[in-house]
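Residue numbers for the sequence shown, in UniProt numbering: 1 to 236.
Heads up, the beta-carbon is just placed ideally off N, CA and C, and yes, glycines get one too.
Computed from a predicted model, the values in this text were never measured in an experiment.
Reviewing the structure listed below.
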Amino acid sequence: MNSNPRRGGHGFARYDHAMDIAFERRARGMHGRRGGMRGPFGPGRDGLDDELFDGRRHGRGGRGGGVGPGFGGGRGMRGGRRRRIFDQAELQTLLLALIAEAPRHGYDLIREIEAISGGEYAPSPGVVYPALTYMEEAGWIAVGSDEGARKSYEATEEGRKHAETDADKANALRQRLAALAEAREKVDPAPVRRAMHNLKTAVFDRLSVEGADRDFILRVAEAIDEATRNIERIEK
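Here is the structure:
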């Protein structure tokens with residue numbers, strides 16, 4: 001039996017359901033209600049709790065953060081604090097556009113944004129759920145069918161009109177996300193990742209041989225330095 005809840009079938013559905021409930025409860029517990037016009041995000045940087053700003057605390061582990069700090073602690077490429085991808089209004093515009101297409105749960109929205117970016121960015125639940133609360137109170141979305149503690153959001157008539165008005169903005173935001181995936185393909189192609197993995201494996205294998213002394217280590221280091229110089233001389 002497959003013990004990984006992320007993989008396929010009912011196990012995957014149960015995983016999604018559990019994550020959606022956990023994210024929504026955490027967001028409700030750590031953030032107050034709406035804090036003003038387009039400002040539902042409470043205290044902290046950009047109105048965000050500092051604990052929620054680091055996207056690597058949410059979503060899948062492993063690959064860290066990156067090109068860019070996404071708005072409000074989303075996960076992005078390459079680790080560290082990152083430039084903002086969306087401001088508050090832009091995130092709401094994108095979420096509303098997605099909900100206008102079809103009713104969605106909060107976690108579904110996070111996964112959809114991640115999919116558009118090719119896995120390079122996913123907003124944290126700590127910014128998505130307060131944004132949904134704001135849009136619900138603004139009358140743009142309403143809670144549809146409840147699946148236990150899991151809310152499904154659908155666009156109201158007013159929300160659909162708002163989404164139509166902002167359709168061009170939403171498309172531009174989608175293109176911004178798609179550009180993240182394109183950038184990764186340009187700067188991090190699979191052949192280079194494979195070669196770097198092979199280099200790391202070879203280095204550790206050679207350094208682990210019996211009798212490796214300082215001279216041996218220096219020769220390995222020089223070989224790596226020479227490879228670096230060769231790469232720097234490559235022209236486009």
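Here the alpha carbon of L94 sits roughly 34 angstroms from the alpha carbon of V192.
Contact between T165 and G139 is ruled out by a C-beta separation of about 15 angstroms, above the 8 angstroms threshold. Around V203, the same chain offers V220, I224 as residues with beta carbons nearer than 8 angstroms, after the five sequence neighbours per side are excluded.
Within 10 angstroms of the beta-carbon of A163 lie 16 or more other beta-carbons, which makes it buried. With at least 16 other beta carbons inside 10 angstroms of its own, Q92 counts as buried. Sequence-distant Cβ neighbours of E112 in its own chain, meaning closer than 8 angstroms and more than five residues away, are L98, R104. Taking C-beta atoms as the reference points, I110 and R176 fail to come closer than 8 angstroms. Looking only at E90, I116, D87, the smallest Cα-Cα distance to A179 is reached by I116. Residue burial is scored here from C-beta neighbours: T133 has at least 16 other C-beta atoms within 10 angstroms and is therefore classed as buried. C-alpha of T201 to C-alpha of I217: approximately 15 angstroms in a straight line. Counting only runs of at least 4 residues, the region 123-154 fully encloses the following alpha helix (DSSP H) elements, listed from N- to C-terminal order: 125-137. If only uninterrupted alpha helix (DSSP H) runs of at least 4 residues are considered, none is enclosed by the region 176-205. About 25 angstroms separates the Cβ atoms of R184 and E101, ruling out a contact at the 8 angstroms cut-off.
G118 and R174 have their alpha carbons spaced roughly 11 angstroms apart.
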